[in-house]
Amino acid sequence: MPKIVIQKDRCKGCLLCISFCPRGLISVDKSLNKRGVRPVKVDTKGECLGCALCALICPDCCIEVFK
76 MPKIVIQKDR CKGCLLCISF CPRGLISVDK SLNKRGVRPV KVDTKGECLG CALCALICPD
136 CCIEVFK
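Sequential numbering from 76 applies to the sequence shown in the working numbering.
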């Protein structure tokens, strides 16, 4: 099963990845990162397709998808 890894301290909270995830597995975290913004988080209970659209659209390259 594919795995999404997000480097939360690099995330600037643009939320582009949320709109591109076909399964809706990415959402906004409740805690703040070092930048003082709410980063995104991954729902680990859902099943990732491994499409890597989230990683491709991320302007800060803080998302990695492992297949």
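We treat Cβ as the ideally placed atom computed from N, Cα and C, and that holds for glycine. Treat the numbers as computed from the prediction; the structure is a model and nothing was measured.
Boundaries (first-last residue) of the beta strand (DSSP E) holding residue i
i	result
serine 102	101-103
glutamate 139	138-141
valine 115	115-117
Exposure of residue i, with buried meaning 16 or more beta-carbon neighbours within 10 Å
i	result
leucine 53	The chain is shown from 76 up to 142; residue 53 falls before or after that span and cannot be answered.
cysteine 136	exposed
leucine 131	exposed
cysteine 96	buried
proline 114	buried
For residue i, the first and last residue of its enclosing alpha helix (DSSP H)
i	result
cysteine 89	Careful: cysteine 89 lies outside any alpha helix (DSSP H) and carries neither H nor E.
cysteine 129	128-132
Sequence-distant residues of its chain with Cβ nearer than 6 Å to residue i (five each side left out)
i	result
leucine 90	none
valine 80	Glu139
Contact belief for residue i with residue j at Cβ below 8 Å, rounded distance in angstroms
i	j	result
lysine 120	proline 77	Lysine 120 to proline 77, Cβ: 14 Å. No contact.
lysine 87	valine 103	Actually they are not in contact, since the Cβ atoms of lysine 87 and valine 103 sit about 12 Å apart, beyond 8 Å.
DSSP-derived helix/strand/coil call for residue i
i	result
lysine 78	strand
aspartate 135	coil
Same chain only: Cβ atoms within 7 Å of residue i, ignoring 5 sequence neighbours per side
i	result
alanine 127	Val140
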